[in-house]
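Structure first, commentary second.
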Amino acid sequence: MTVATGAPTARPSGQPRLGERPPGVGGPWTMASRAFHAWLVNYRRTWRGSIYSSLLNPVLYLGAMGLGLGTLVDKHHAASLGGVSYLTFLAPGLLAAMAMQTGVAESMYPVYTAVKWQHTYQAAAATPLRPGDLFRGHLMFTTMRLVMNTVIFVAIMAAFGAVRSAWVVAALPVAVLTGLAFAAPLDAFAVTQEKNDQAFNVIFRFGMIPLFLFSGTFFPITQLPAWIRPVAYITPLWHGVALCRALSLGTADVTGALGHIAYLVAVALLGLYAGARTYRRRLNV
Amino acid sequence: MPDPDVLIKARGLTKRFGDFTAVDGIDFELRRGEAFGFLGPNGAGKSSTMRMIGCVSPPTSGELTILGMDPVRDGPAIRARLGVVPQDDTLDAELSVRENLLIYGRYFGLRRPVIAERTTRLLDFVQLSERADDHVEPLSGGMKRRLTIARSLINEPEILILDEPTTGLDPQARHVVWDRLFRLKQQGVTLILTTHYMDEAEQLCDRLAVMDAGRFAAEGSPRELIETYSSREVLELRFEIAEHELAAAKLAHAPAERIEVLADRVLLYVEDGDAALDDVRGLGLEPLTSLVRRSTLEDVFLRLTGRRLEDG
């Protein structure tokens with residue numbers, strides 16, 4: 000039985016003709032989608048559990064904070080909420096915050112595991128795939144997870160009656176973009192970590208949690224002292240929250256929306272640029 | 000016109016990491032159908048060389064041509080035609096045996112029916128057919144290594160690169176792996192491997208390069224290396240501990256090509272071991288035990304690098 004070639008009749012060595020792709024090598028999208036496929040095969044094992052938490056989390060948050068705490072808040076007719084119920088105010092903010100969480104969760108440890116614990120990235124780097132293909136393939140998977148989670152979240156929001164405008168549909172891609180504005184730079188960062196995963200705890204505790212609490216998700220940013228507000232403005236989450244909320248409440252204007260989108264796209268592109276470099280530096284030493 | 004049977008050609012190939020020179024200007028050629036081995040202790044530069052050949056580590060300087068292409072510019076096209084068995088396990092432990100081959104086959108852009116057909120054939124070849132749908136995690140070290148070999152063959156590579164293919168395996172598992180590699184060699188697969196096991200090098204390699212501190216200390220077939228760097232036979236002598244030093248001193252005058260005094264025994268490199276033993280007795284020495292054996296690669300290695308391979 001023969002298992003491998005290597006026979007003298009194999010194709011002659013040498014460069015393929017110009018404009019012709021050598022066997023096994025595809026364009027950037029094809030190559031990235033092969034890496035995406037590997038994540039999909041992995042996800043086949045865990046998708047059920049992930050769907051449960053994607054359903055449960057919004058129900059818990061919207062129930063406890065939106066309905067429970069919201070009842071107290073609504074008694075005071077807080078003017079800064081813009082005349083809507085707390086639930087309606089909170090839900091789109093949570094949508095963006097949840098997208099951030101998904102982006103963070105799908106980037107740091109999965110990438111670290113692939114490069115440090117299981118070395119599956121090193122295995123893939125020995126194939127026609129380039130480090131950048133592995134990076135973009137993982138972002139494709141993250142995008143898929145973001146789409147799944149945001150669609151589920153908006154459906155639950157609607158079920159809670161927390162939607163005021165059909166423009167909420169436009170909040171879906173905005174939330175996905177918010178998640179990617181975190182995932183792309185964090186992928187780029189996670190792949191550089193060689194010794195241990197301590198940096199991730201720091202990012203969780205001193206990055207993600209403060210953002211989650213102080214980026215306008217639970218209360219308008221105008222409640223913060225004026226001197227600290229600029230800090231919120233430079234974080235991607237605030238832009239995601241502000242635009243998702245404006246769309247859900249039907250108060251969005253074109254200039255504001257474009258500004259937020261431009262900022263989120265810029266951060267995601269920066270991550271995309273950085274990741275192509277850090278992946279190459281880590282995997283092609 | 001380059002020779003189409005020269006699959007890899009390296010001239011002055013060098014790899015530096017900061018101030019450290021891992022590979023220090025080596026020259027070699029790999030021809031179609033041969034099995035070439037890099038023998039050396041840990042840190043000799045074997046793995047760095049393999050990573051450059053595998054197109055995942057750009058050379059610092061020198062010339063490297065693989066399948067007629069430049070590894071820096073044509074990395075993906077070259078890697079599409081290579082098979083790599085890395086030193087560490089890089090399998091996806093949470094997936095099944097079959098799924099590991101599926102995702103790897105997809106990396107090469109192979110279509111599913113092709114992957115399915117090859118998976119059946121390859122798992123049969125590495126004797127893992129019964130574990131096809133089991134998770135990888137609980138497999139033994141030997142099984143994982145065999146699966147890695149199957150995975151490296153999914154694209155029907157023209158060159159198979161193996162970095163210490165049996166390191167860390169128990170003797171039985173090693174023999175199964177050797178047996179499989181030997182079959183591949185018989186089928187004409189071009190092998191390039193690193194090892195620090197003498198028996199592995201002798202069994203599998205047509206040609207060897209002994210590597211030390213990033214350089215080639217010697218190169219040739221196992222037979223040539225032994226002929227060039229060692230004698231035909233080795234006489235191993237053991238003396239009473241109290242007499243060991245004295246005996247060693249007296250033996251300095253014994254007729255041998257070379258004498259090596261180890262902590263517990265004295266090695267005489269000679270043409271005829273039995274005759275040499277008579278000579279030793281003629282000097283009035285009576286060893287506790289004596290052993291006449293043929294020279295091995297281990298002797299070559301000791302001579303060339305001054306230390307044992309396993310010490311690393």
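Here the protein sequences come in this chain order: X and B.
Throughout the first sequence, residue numbering follows numbering that gives the first Met the number 0, covering 0 to 284 in sequence.
Throughout the second sequence, residue numbering follows numbering that gives the first Met the number 0, covering 0 to 311 in sequence.
Glycine included, C-beta positions come from ideal geometry on N, C-alpha and C.
Given the structure is predicted, the values throughout are model-derived calculations rather than measurements.
Query	Result
Short-range partners of chain X found in the region 84-104 of chain B, where Cβ spacing is below 8 Å	85, 87, 88, 89, 90, 91, 92, 93, 94, 98, 101, 102 and 103
C-beta contact flag for residue 203 of chain B and residue 36 of chain B at 9 Å	yes
Option nearest residue 234 of chain X by Cα separation, candidates X/265, X/250 and X/248	X/265
Residue-chain proximity (residue 129 of chain X, chain B), Cβ-Cβ < 9 Å	yes
Range of the contiguous alpha helix (DSSP H) that encloses residue 211 of chain X	208-213
Backbone CA spacing between residue 199 of chain B and residue 32 of chain X [nearest angstrom]	39 Å
Residue nearest to residue 237 of chain X in terms of C-alpha spacing, selected from X/135, X/136, X/149 and X/95	X/95
In DSSP terms, what residue 236 of chain B is bridged to	B/265 and B/289
Neighbouring residues, chain B, relative to residue 24 of chain X (Cβ below 8 Å)	75, 76, 79 and 108
Partners in chain X for residue 55 of chain B, counting only beta-carbon separations shorter than 7 Å	124, 125, 282 and 283
Near-chain X residues of the region 136-158 of chain B (beta-carbon distance less than 9 Å), N- to C-terminal order	147, 149, 150, 151, 152, 154, 155, 156, 157 and 158
Cα-Cα separation between residue 192 of chain X and residue 184 of chain X, rounded to whole angstroms	13 Å
Contacting positions in the region 244-273 of chain X - beta carbon closer than 7 Å to chain B	none
Reduced DSSP secondary structure (H/G/I, E/B, other) of residue 62 of chain B	strand
Neighbourhood of residue 185 of chain B by C-beta distance below 6 Å, restricted to the same chain and skipping five residues each side	none
Cα-Cα separation between residue 61 of chain B and residue 8 of chain B, rounded to whole angstroms	11 Å
Contact under 9 Å by Cβ, residue 25 of chain B with residue 54 of chain B	no
Range of the contiguous beta strand (DSSP E) that encloses residue 34 of chain B	34-38
Residues bridged to residue 68 of chain B (per DSSP)	B/65
Counted within 10 angstroms of its Cβ, other Cβ atoms place residue 11 of chain B as buried (16 or more) or exposed	exposed
Simplified DSSP state of residue 105 of chain X, which is helix, strand or coil	helix
Amino acids of chain B, ordered along the chain, whose beta-carbon sits closer than 8 Å to that of residue 44 of chain X	93 and 94
Residue 91 of chain B beta carbon less than 9 Å from that of residue 122 of chain X	yes
Closest by C-alpha distance to residue 63 of chain X, when choosing among X/171, X/51 and X/85	X/85
Where residue 153 of chain X falls, given that 16 or more other Cβ within 10 Å makes a residue buried	buried
Member of B/99, B/80, B/260 and B/79 whose CA lies at the smallest distance from the CA of residue 88 of chain B	B/99
Assigned exposure category for residue 214 of chain X - 16 Cβ within 10 Å defines buried	buried
Validate contact between the region 209-217 of chain B and the region 250-262 of chain B using beta carbons, cut 8 Å, 3 pairs	no
7 Å Cβ shell around residue 13 of chain X - same chain, five flanking residues per side excluded	Low per-residue confidence applies at residue 13 of chain X: pLDDT is 47, beneath 50, and the placement is therefore not dependable, though the value from the model is reported in the following sentence. Nothing listed; no residue qualifies.
C-alpha distance - residue 9 of chain X paired with residue 80 of chain B, whole-angstrom precision	Here the model assigns residue 9 of chain X a pLDDT of 40, short of 50, so the residue's position is not dependable, and the following value carries that caveat. C-alpha separation (whole angstroms): 11 Å.
Residue interval of the alpha helix (DSSP H) (run including residue 16 of chain B)	Taken as a continuous stretch (DSSP letters only), residue 16 of chain B belongs to no alpha helix (DSSP H), being part of the beta strand (DSSP E) at 5-16.
Beta-carbon proximity check, residue 268 of chain B vs residue 230 of chain B, cutoff 9 Å	yes
Opening and closing residue of the alpha helix (DSSP H) in which residue 198 of chain B lies	197-203
Residue 272 of chain B to residue 286 of chain B span [Cα, whole Å]	14 Å
Chain-order list of residues whose beta-carbon lies under 8 Å from that of residue 165 of chain B (same chain, five-residue window excluded)	144, 172, 173, 176, 177, 194, 196 and 199
Where the beta strand (DSSP E) containing residue 191 of chain B begins and where it ends	189-194
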